[in-house]
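For reference, the structure discussed in these notes is given below.
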Amino acid sequence: REPIPAVSDEFRGLKTPLQVPARILMGPGPSNAHPRVLAAQSLPLLGHLHPPFLHIMDEIQAGLRYAFQTTSKYTLLISGTGHAGMEAAISNLLEPGQTIVVGNNGIWGTRVCDMAARFGGNVIDLKTPAGTSFSLEQLTSAVEQHKPAVLFLCQGESSTGAHQSLAGVGDLCHKHNCLLLVDTVCSLGGVPLFADAWGIDCIYSGSQKCLSAPPGASPFFMSERAVQALQARKTKPATYNLDLNLIGDYWGWFAKRSYHHTGPVSTWYAMREAMAIVCEIGLEPMWKRHLEMHNRLWAGLSQLGLQPFVEDEKDRLITVNTIKVPEGVDFLAVAKYAMDTYSLEIAGGLGPTAGKVWRVGIMGYNATAANVDLVIMAFAEGLKQQGYTKK
Ligand code: PMP
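Here UniProt numbering runs 76 ahead of the position in the sequence shown, where the first position is 1.
Next comes the structure, spelled out in structure tokens:
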């Protein structure tokens, strides 16, 4: 046979080991991972059903129980990013023809509507303007009117910077035999969450934000009620890959532990270490630190004359901050200045906030005074370069 062609110029770069620039990721995620988490990821592989690996999975589940504040047996990692957790929740909680009320105040609600429709759900798209969150009264009338099987809310709407209060929502849902599903991708570990005390039935989250791990694992929780509903389904979930009856077996939820897919071994090492760090620091100190850093950011930004996009302080998410772009300022130029000068990521808006805001994430390992001060300095200098002066 002919010899295969020599490595072309296109692949020349592959002859040297990988190098990446060091960046401070202060956008809506991913945030920088903790060095201990990155180190754990480079440990030698184990087989995905070897007893020492199953033990690591048990430790992850225990860590997730703490992070979610639950005694439920039903915690695990969905293999994939937040979207995989979202799709697992919807495809398993909802049967075709059942109603879901989706609290939609940004792109996450919009995506849940899209996914739920794909799985044959009867979708009620409940809207409130971007930058606001739902009142218990709004939710009560929607649940009473539509009698849904599932109510979806996003605790931290990272496209708008809105925080959704969950007080009283669990009781409302249980009174109407409805399951409460909550997105905590950019809030878990950063703001208080009590799965059991608040009567939440299903939660999905993300690894790459306040938990200081790389993207690729979605922390997941189900209440006893949610698992009963799962087991009482008349139809199988329309996805094999995300069928929680099967994934649950791999994680020891049910009788046996059996192969469903090959757990992403190194990613779960990272999550084991991330959960160990959460347990070591403690949730209350983590929540406190995130709040302090949010306050520090706004003390600095207010001095520059910048305003929050979320008008009502009680609706403001502390982990992903949305900052109004002042008239006449090129938001991209400021973000570019931060990146070029400090290797610092500041993001623009997304969905309803595109072009209107900057988004600054202060999450997990990145929630430090030094990082926040650097963000403030980058804004001060980037705005000055644009000729902006405080009004
Ligand atoms: N929900 C929220 C609130 C998010 O912030 C994100 C990530 N930006 C997601 C869901 C989706 O997560 P992923 O990008 O990890 O799939």
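No residue lacks a Cβ here, since even glycine has one placed at the ideal position from N, Cα and C.
All of these numbers come straight from a predicted model, not from anything done at the bench.
{"Check": "Are the segment 429 to 436 and the segment 92 to 105 in contact at 8 Å, needing three or more beta carbon pairs?", "Outcome": "yes"}
{"Check": "Of the choices Ala293, Leu229, Ala314 and Gly381, whose alpha-carbon is the least far from that of Val245?", "Outcome": "Leu229"}
{"Check": "Which whole-angstrom value is the C-beta distance of Glu300 and Ser148, which I expect to be below 8 Å?", "Outcome": "6 Å"}
{"Check": "Among Phe455, Ala430 and Ala443, which has the Cα closest to the Cα of Ile422?", "Outcome": "Phe455"}
{"Check": "Which residue's Cα is closest to the Cα of Gln461: Ala430, Asn447, Leu420 and Tyr413?", "Outcome": "Tyr413"}
{"Check": "If we count Cβ pairs, one from each stretch, closer than 8 Å, do we get three or more for the segment 163 to 180 versus the segment 373 to 382?", "Outcome": "no"}
{"Check": "For Ile323, report the span of its beta strand (DSSP E) as first-last.", "Outcome": "Careful: Ile323 lies outside any beta strand (DSSP E), inside the alpha helix (DSSP H) at Leu320 to Tyr326."}
{"Check": "Please find out if some non-hydrogen atom of the ligand PMP comes closer than 8 Å to the beta-carbon of Ser334.", "Outcome": "no"}
{"Check": "Does at least one heavy atom of the ligand PMP sit under 8 Å from the Cβ of Trp274?", "Outcome": "no"}
{"Check": "At which residues does the alpha helix (DSSP H) containing Gly161 begin and terminate?", "Outcome": "Gly158 to Leu169"}
{"Check": "Can you check whether the CB of Leu140 is closer than 9 Å to the CB of Cys278?", "Outcome": "no"}
{"Check": "Assign Lys400 to one of three DSSP states: helix, strand, or coil.", "Outcome": "strand"}
{"Check": "Looking at Gly161 and Thr395, is the spacing between their C-beta atoms short of 9 Å?", "Outcome": "no"}
{"Check": "Any beta carbon from chain B within less than 9 Å of Leu227's own beta carbon?", "Outcome": "No chain B appears in this structure, which consists of one protein chain only."}
{"Check": "Quick one: what does DSSP say Arg372 is sitting in, helix, strand or coil?", "Outcome": "helix"}
{"Check": "Can you give, in chain order, each stretch of the beta strand (DSSP E) that sits fully within the segment 108 to 163 and has at least 3 residues?", "Outcome": "151 to 155"}
{"Check": "Consult DSSP for Ile279 and reduce its assignment to one of helix, strand or coil.", "Outcome": "strand"}
{"Check": "What does Asn253 pair with, by DSSP beta-bridge criteria?", "Outcome": "In the DSSP output, where bridge partners are listed per residue, Asn253 has none listed."}
{"Check": "Comparing alpha-carbon positions, which option in Thr343, Leu202, Pro127 and Met415 lies nearest Ser118?", "Outcome": "Thr343"}
{"Check": "Report the three-state DSSP secondary structure of Cys189 (helix, strand or coil).", "Outcome": "helix"}
{"Check": "With contact counted as at least three CB pairs below 8 Å, one residue from each stretch, are the segment 209 to 217 and the segment 173 to 186 in contact?", "Outcome": "yes"}
{"Check": "What span of residues does the alpha helix (DSSP H) with Gly437 cover, start to end?", "Outcome": "Premise fails: Gly437 lies in the beta strand (DSSP E), Val433 to Gly437, not in any alpha helix (DSSP H)."}
{"Check": "Could you give the C-beta distance for Val341 and His131, rounded to a whole number, given that I count them as a contact under 8 Å?", "Outcome": "Not really, about 13 Å apart at Cβ, beyond 8 Å."}
{"Check": "Taking contact to mean 3 or more Cβ pairs, one atom from each stretch, closer than 8 Å, check whether the segment 276 to 295 and the segment 438 to 458 are in contact.", "Outcome": "yes"}
{"Check": "Give every residue of the same chain whose Cβ lies closer than 6 Å to the Cβ of Asp272, excluding the five residues on either side of it in the sequence, and list them in chain order.", "Outcome": "Thr146"}
{"Check": "Looking at the ligand PMP, does it come within less than 8 Å of Asp259, judged from the CB to the closest heavy atom?", "Outcome": "yes"}
{"Check": "Measuring alpha carbon to alpha carbon, tell me which residue in Leu380, Ser288, Ser334 and Ala411 is nearest Ile357.", "Outcome": "Ser288"}
{"Check": "Looking at the unbroken beta strand (DSSP E) that takes in Ser294, where does it start and where does it end?", "Outcome": "Ala293 to Met298"}
{"Check": "First and last residue of the alpha helix (DSSP H) that includes Val410?", "Outcome": "Phe407 to Tyr418"}
{"Check": "What is the rounded straight-line gap between the Cα of Ser234 and the Cα of Leu90?", "Outcome": "36 Å"}
{"Check": "With distance defined between alpha-carbon atoms, name the residue in Lys400, Leu380, Ser378 and Gln379 nearest to Val386.", "Outcome": "Lys400"}
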